[in-house]
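*Asks:* Quick one: the structure is below, and I'll ask about it shortly.
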Amino acid sequence: MSDLLSDGAARTIEILPLRGIAEIVAPSCHVQKSYDSSGQDQTALQHLGCAQNRPIRPIPEAQLQLWAVEMASTPPVPSKAALNALRGVLLTTSCSVVFLAEERRRRLKIARAAIDNARKLHIVKSNRGAVALSESWEDRLADLGDEVLSLPSASRPKNPYRRRRRSNSSIALPSGGGVDVNRIPSDHRETASGIAAPGTEQNAVQEGQKANFGLDTARLLLPLADIRQLDVSFKSLAGSAIPGLPLRSREEDSHKLDKDVDARVKVSLHRTTLRSLGSKIGSASFHELLRPDSSAPARLSLSNMPAQESTTQSRHIGKVAELEQILQDLEMGQSTHASTSEMMDLALVQLQSLSESRPTTPTLSSLVKSNGLRLLKITIESEPTKTETVLTALLPKSKDPIQILSPLTKWLWEKKDKKGLERLLQLLSDRKQARFWMHGMTLYRVLSGLDEVMGSFKDIKHLYRLLQSAGLYQGIVVPPNIEYKIRRLMVSKALKAGDDAFAQEEMKSLYETNPDAVKSDIKLQSRLIVREAALGHWESVRNGIEALESADDTKPDDLRYMISKITDVFVQTCSSEGLEALLRRFVRSYRIPLRSRWVNLVLDQHAGRHDLESMFSWLQFCHDAGFQMDDTFMRRFYSGCRKYWSFSDKTITDLHQNLQGLSPAISNFSPSKADGKGSSDLSLPLLESRHWLSEADAFECMEWLSAQDEWERVCEAYNRLQSSELKPSVRCLRLAVIGHIKRQDGSIDEAASLIDEARGKGLDVTEALTPLLLARLEKGDDAGDLIKQALRRGARIHDSVYNKAAQILSANGDLRGAATMCEVAARENGNGELLYSEYNFSNLVFAYTGSASYNALKSILSNFTSEVQWWRGSRACKESIKLAMKTTAMRAVVHPKEKNDHKDALFKLDEALIHVKKCRSTKDDRRAVTEAFIRVFRPLAAEPEQDPADARKPNLATAEMSLPELSETKTFQRSVLVARQGLAVAGEA
1 MSDLLSDGAA RTIEILPLRG IAEIVAPSCH VQKSYDSSGQ DQTALQHLGC
51 AQNRPIRPIP EAQLQLWAVE MASTPPVPSK AALNALRGVL LTTSCSVVFL
101 AEERRRRLKI ARAAIDNARK LHIVKSNRGA VALSESWEDR LADLGDEVLS
151 LPSASRPKNP YRRRRRSNSS IALPSGGGVD VNRIPSDHRE TASGIAAPGT
201 EQNAVQEGQK ANFGLDTARL LLPLADIRQL DVSFKSLAGS AIPGLPLRSR
251 EEDSHKLDKD VDARVKVSLH RTTLRSLGSK IGSASFHELL RPDSSAPARL
301 SLSNMPAQES TTQSRHIGKV AELEQILQDL EMGQSTHAST SEMMDLALVQ
351 LQSLSESRPT TPTLSSLVKS NGLRLLKITI ESEPTKTETV LTALLPKSKD
401 PIQILSPLTK WLWEKKDKKG LERLLQLLSD RKQARFWMHG MTLYRVLSGL
451 DEVMGSFKDI KHLYRLLQSA GLYQGIVVPP NIEYKIRRLM VSKALKAGDD
501 AFAQEEMKSL YETNPDAVKS DIKLQSRLIV REAALGHWES VRNGIEALES
551 ADDTKPDDLR YMISKITDVF VQTCSSEGLE ALLRRFVRSY RIPLRSRWVN
601 LVLDQHAGRH DLESMFSWLQ FCHDAGFQMD DTFMRRFYSG CRKYWSFSDK
651 TITDLHQNLQ GLSPAISNFS PSKADGKGSS DLSLPLLESR HWLSEADAFE
701 CMEWLSAQDE WERVCEAYNR LQSSELKPSV RCLRLAVIGH IKRQDGSIDE
751 AASLIDEARG KGLDVTEALT PLLLARLEKG DDAGDLIKQA LRRGARIHDS
801 VYNKAAQILS ANGDLRGAAT MCEVAARENG NGELLYSEYN FSNLVFAYTG
851 SASYNALKSI LSNFTSEVQW WRGSRACKES IKLAMKTTAM RAVVHPKEKN
901 DHKDALFKLD EALIHVKKCR STKDDRRAVT EAFIRVFRPL AAEPEQDPAD
951 ARKPNLATAE MSLPELSETK TFQRSVLVAR QGLAVAGEA
C-alpha cells in the first residue's frame, strides 16, 4: 500500500474519495491544494481542521490504508442456502421432463400395440365372415354414389414403418383368395399401370392399399347382370385384385371402360335400391331401376358372398323383374281376357316360386310382398276365383298376416263381395292356415284396425254385417271367448259412435254368450254408464255406479276413470250449476283427480256472479284436494280477475309478487296482459316454408305476417302450407280468410271458396267463418238471409256476428227483425236465455224501446235486475239504458196521454241503471279478492300445528272445512259483503 501511495498518479486517484468526503463534511471551508515535504496532499487534512477550527494533525498512514480497503470492498456473495434452492429447482424440473417423456413413450407403445391388434382382428374377420362384412360395407357405402363403388385408393403411407406393415399384411392374406392376374381385362391393367409410378416402392404402396381394406379383394366383385335376358344371370368378373383407379375425369373413364362393358348392362344391384323399392310399394317400376345407366360406367356392388348365393340372388331378382313387368301390363289393362288370364297364371307361378324359395335379403322379400299385394288386388277385380291361390302364396311372405288381410278385407268390402268374404273366412278357418287364423283372433285384430282404414263406423258396421252374412258365428265357428271379444269390440265402437240400436243388439248376443262375463266386465259396464250419462239418464247412471261399487272385482283405477268420463259428459250436456256439488261428491267418495277445465268452470260461475264466499270456498277445496295450481292455472286466474273484477296489470303484478314470496313453487313469469310475442321475436328461417316442421311453425309465420299487415304474404304462406305435406288447421285457415279479405285486391269469394274447401274436408270452420260473415255484413248483404244460410249449413255462429247483424237491422229500421235476431242468438249460443250477454241485452233494449214494446222491455229489465252478474255492470249496458231513458222521457213529453206507460218504463229503467252500479266491481272488491287468494296460498308453516288427535281425521280432500276455519272465512267474507251492500245503498240513495 505504501508503494502505491508513494506513486504520484496513485496518490491523485486515492485522494479523490477523501477529497469528496471532505467537501461533504465542510463544504464552506476554503480549500487550498498543498503538499507537504513527503509529497502528501494536505487538502483533506485542512478540511478536517477547518471543520473544528483547530490545527490540522497529520493522519497516520495505517488509518489511511484502512479507509482505502473499506471503500474498495467487493460486492456481497450469495448465500449457500440460495444456491442449494436453485440446484433443487433445476433437479426437480429435469426429473419432471424425464418422467413425462417416459410416460409419453409408454403410451405410444400401448397405442401402437392396440392398433396392431385391431388390424389383426380386422384381417381375421375379413377372412372368416366375408358375407357379413361385405353387407356392412354395402350399408355404409349405400348412399355415396358411383365413386365409392369404384374402390378408390387409400391414403399414401407416410413412413417406411407403415409401408412395411401394410406389405406384411398383404402377404399374410390367404393365398387361395387370389385370382389369376392374367384374367384381369387389359383396360383395367392399363388403368392400374397409369397410376403406379416406376419402381418397386410404388408397387409396395399398391399392395399396402389393397391390404388396408382387410378384405379378400377378389371376392368384392359382384358380377354384372344382363337384363336383355329376363333371367338375370351372373358371370364371374375376372381379377385377382382391384388396383387403385386413376384420378382421371369421368369422361376418360367412361371412354376406356365402354370398350369392356359394351356387352354388359350397366346396372347397380345395390341394396339401397331394393330398400327404396320395398318402402314404396307399387310406386316405382322395377324395370326402371334395372334400366342401363348411360351417365356412368358399370357400377360394382360390394358383395362378399359365395358364387352359389350370388346365383340364387340373381335368380330372385330376375323373377321379381318378370313379375313386375307382368303386373304393369295387367294394370294397364290393354290385353284381352284370354291373355289376361294367361298373364295372371304366369304372375301367380312367379309368386309361388318366390314364396317357395326364400329371397336372400329382407328388401327382396318386402319387394315380393308389395308385388303380391298388387297381384292380389288385380285378382279381386279380374279373377276373384284365384284370390285364394294368391293369398295362400302371399301369406307365408308376411310376418304379420294383418298386413295382407286388412287391405284385402277393405277391397272385398268396397266391391260388396259377399262370396269373396265367405271364401276368405273358409280359407282362414281351415286347419292348414291355423297359424294365420289363431282361433279367430286375426279377425278381431282386423276389425280393431279398421278405424284408420275406413271412414266411419257406418262402414265398419256394414262390413261386420257382410261377415255375418258370409257365415261368421254360424258356418265359421269361433270359440266363445273370441266371439265375446269381437262382439264386445263392436259394442264399444257403436257406443263411441252413438249407434245405440246396434249396441243394444250386440249386447243381447253378449248376454246370451256369457252373461256372467258381461256383469263382471268393468270396462264394458263403464262405457254403458258413460253412454247413459250422454243421453241424460242420470238415474241409470247413479244405479250403475252403485252396482259397480258393490262389485268385488272392481278396481279403483277403473272406477275413477269412469267417473272422470261421466264428469266430462256432465260438463258437456248439463249446466255448470250442479257441477260443483257433483265434483265435491266424487272427490270425497272416489278421490278422482280434479282437472283444470272443471275447476275453471266452477270458478267462472262464482266469479261471474261476484260471489266471493262460494268462489274461495271452492278454491280452498281444490287446493286441499291436491289440485296443482301451476302457471297455466295462474294465467287463467289472472285473466278472470281482469274480466270479472277489472284488475289492472299493476295490481296483478303486485299480487303475483306477493304469491311468489309465500310459495317458492310459483314461477317467475310475466303476468301482464301484453306479454305475448313481439313482432321481432320470429326467427327469420320460419318465414320460409321449407323450414316448417309442423303446423305450429306455419301458424307462427302467418301470425307474424298478419301483425305486420302483410296480408298478401299471409295468403302465399297458406298456399304453401296447402301444397306441403303438413295438414292445415282452422287457425291457419282463419288467418288466410282474413288475408283474402284485407289485401289490396281482396276478394270475399276467394275467402268463401277456402272455407267451402275446408268444410268439404271435414274441418270445423266456425272460427274461420266469423271474419267472412262480418265482411259480408259490412258489404251490405242481407243479415237475415246470411244468418239463415249459415245455420242451414250447420255452422255455429259467433256472438259478434249476431251482434253486428242486430245492429245493422236496427240501423235499417227493422226493429222487429233485430229483436228476432237476438232471440236466435239466445237459442243458439245462450241455451235459450235472452240475457246471456251484454250485447244481446243492449240490442234488445234498443229494439223494444224503439218499437215502444214496453211490456217486453219491462220483462227483460226485471230479469236483468234479478241477479248480479259481471257483464251487467258493463259500459254497454249502462249506455243502452241511458239512451232508453232519454227516448222514453221525450215520448212522455210529446205524448202526455200515454204518460203512465212511459213513466212505468222509466221507473224500470232507473232500477236497471242502479243495478248496473251494483254489478260493477269496486276497489274494495279487488282488495277482497287479493287477500282471499293470498290466504289460499298461505304456507303450511305459518298455520298452527295440528293436534295429533286430528291427524287421524280425514283430510279436506274428502271432507268439508273445519268449523273454526269456516267461521273465520265467513266472518271475513261477510265484512266484504256488508261493505258492498253499503256501497249499493249509497248508490240507490
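Residue numbers 1 to 989, in UniProt numbering, belong to the letters of the sequence shown in order.
For every residue, glycine included, the Cβ atom is placed at its ideal position computed from N, Cα and C.
None of the values given here were measured: they were computed from a predicted structure.
Taking the alpha helix (DSSP H) that Gln657 falls in, what are its first and last residues?
*Replies:* Its alpha helix (DSSP H) spans residues Asp649 to Leu662.
*Asks:* Assign Leu763 to one of three DSSP states: helix, strand, or coil.
*Replies:* Coil, per DSSP.
*Asks:* Quick one: is Val599 buried, meaning 16 or more other Cβ sit within 10 Å of its Cβ, or exposed?
*Replies:* Classification of Val599: buried, given that the 10 Å Cβ count is 16 or more.
*Asks:* Any idea if Asn843 is buried or exposed, counting beta-carbon neighbours within 10 angstroms, 16 or more meaning buried?
*Replies:* Buried, by the Cβ-count rule.
*Asks:* Using C-beta distances below 8 Å, list every residue in its chain close to Asp521, excluding the 5 sequence neighbours before and after it, in chain order.
*Replies:* Result list for Asp521: Arg488, in chain order.
*Asks:* What is the rounded straight-line gap between the Cα of Trp618 and the Cα of Arg636?
*Replies:* Rounded to whole angstroms, Trp618 to Arg636 spans 16 Å at the Cα level.
*Asks:* Name the two residues that bound the continuous alpha helix (DSSP H) containing Cys701.
*Replies:* Glu695 to Ala707 is the extent of the alpha helix (DSSP H) around Cys701.
*Asks:* Mind pulling the alpha helix (DSSP H) runs of 4 or more residues that sit fully within the stretch 417 to 459?
*Replies:* Complete alpha helix (DSSP H) runs here, min 4: 418 to 428, 434 to 437, 441 to 448 and 450 to 453.
*Asks:* What does the Cβ neighbour count give for Ala905, buried or exposed, with the cut at 16 atoms within 10 Å?
*Replies:* Classification of Ala905: buried, given that the 10 Å Cβ count is 16 or more.
*Asks:* Tell me whether Ile476 sits in a helix, a strand or coil according to DSSP, three-state version.
*Replies:* Looking at Ile476 - three-state DSSP - the assignment turns out to be strand.
*Asks:* Roughly how many whole angstroms lie between the Cα atoms of Phe669 and Gly661?
*Replies:* Cα to Cα, the separation comes out at about 14 Å.
*Asks:* Is Glu147 buried or exposed, if buried means 16 or more other CB atoms sit within 10 Å of its CB?
*Replies:* At Glu147 the pLDDT is 38, less than 50, meaning the model places this residue with poor confidence; the figure from the coordinates comes in the next sentence. Flag for Glu147 reads exposed.
*Asks:* Does Arg796 come within less than 8 Å of chain C when only Cβ atoms are used?
*Replies:* In the displayed structure, chain C is absent; only one protein chain is listed.
*Asks:* Count the other CB atoms, across all protein chains shown, that sit within 10 Å of the CB of Leu90; report buried if there are 16 or more and exposed otherwise.
*Replies:* Classification of Leu90: exposed, given that the 10 Å Cβ count is below 16.
*Asks:* Could I get the ranges of all uninterrupted alpha helix (DSSP H) runs contained in the stretch 784 to 825, with 4 residues as the minimum, in chain order?
*Replies:* With a minimum length of 4 residues, the continuous alpha helix (DSSP H) runs that stay inside the stretch 784 to 825 are 799 to 811.
*Asks:* If contacts are defined as beta-carbon pairs under 8 Å, then Met344 and Asp329 qualify, I think. What distance do you get, rounded to the angstrom?
*Replies:* No, Met344 and Asp329 are not in contact; Cβ-Cβ is about 10 Å, not under 8 Å.
*Asks:* When the distance is taken between beta carbons, is Leu786 closer than 8 Å to Arg793?
*Replies:* It is not a contact, given that the beta carbons lie outside the stated cut-off.
*Asks:* Is Thr573 helix, strand or coil by DSSP?
*Replies:* In this structure, Thr573 counts as helix in the three-state DSSP scheme.
*Asks:* Rounded C-beta distance between Val737 and Leu754? I'm assuming under 8 Å.
*Replies:* Right, the Cβ-Cβ distance comes to about 6 Å (below 8 Å), so this counts as a contact.
*Asks:* Tell me the DSSP secondary structure of Lys886 in three-state form.
*Replies:* Lys886 falls in the helix class under three-state DSSP.
*Asks:* In whole angstroms, what is the alpha-carbon distance linking Gly640 and Asp604?
*Replies:* For Gly640 and Asp604, the distance between alpha carbons rounds to 7 Å.
*Asks:* Would you kindly work out how many angstroms separate the C-alpha atoms of Arg920 and Leu835, rounded to a whole number?
*Replies:* Distance between the alpha carbons of Arg920 and Leu835 is about 17 Å.
*Asks:* Kindly indicate the opening and closing residues of the alpha helix (DSSP H) around Thr554.
*Replies:* Element bounds for Thr554: n/a, residue is neither H nor E.
*Asks:* Is the beta carbon of Ser804 less than 8 Å from the beta carbon of Leu774?
*Replies:* Note that residue 804 is Lys in the sequence shown here, rather than Ser. Yes.
*Asks:* Report the rounded CA-to-CA distance for Leu528 versus Asp764, giving the unit in angstroms.
*Replies:* About 28 Å.
*Asks:* Can you list, in chain order, the residues of its chain with a C-beta nearer than 7 Å to that of Glu388? Leave out the 5 residues immediately preceding and following it.
*Replies:* Arg423 and Leu427, listed in sequence order.
*Asks:* Could you check the C-alpha separation between Met961 and Val587 for me, to the nearest Å?
*Replies:* The predicted model places Met961 with a pLDDT of 36, which falls under 50 and marks its position as unreliable, so this point remains unresolved.
*Asks:* So, are the CB atoms of Gly440 and Val478 less than 8 Å apart?
*Replies:* Yes; because the gap between Cβ atoms is below 8 Å, this pair is in contact.
*Asks:* Roughly how many angstroms lie between the CA atoms of Ala889 and Gln807, to the nearest whole one?
*Replies:* Cα to Cα, the separation comes out at about 23 Å.
*Asks:* Quick one: is His740 buried, meaning 16 or more other Cβ sit within 10 Å of its Cβ, or exposed?
*Replies:* Per the 10 Å Cβ criterion, buried.
*Asks:* Whether or not the stretch 619 to 627 and the stretch 894 to 903 are in contact is what I'm after, with contact meaning three or more pairs of Cβ atoms, one per stretch, closer than 8 Å; do they touch?
*Replies:* Touching, no.
*Asks:* In whole angstroms, what separates the C-alpha of Glu383 from that of Lys377?
*Replies:* Using only the alpha carbons, I get a separation of about 10 Å.
*Asks:* Would you identify the three-state DSSP class for Asp400, choosing helix, strand or coil?
*Replies:* Here Asp400 sits in coil by DSSP.
*Asks:* How many angstroms separate the CA atom of Arg595 from the CA atom of Leu559?
*Replies:* Cα-Cα distance, rounded: 16 Å.
*Asks:* Do the CB positions of Lys397 and Ser365 come within less than 8 Å of each other?
*Replies:* It is a contact, given that the beta carbons lie within the stated cut-off.
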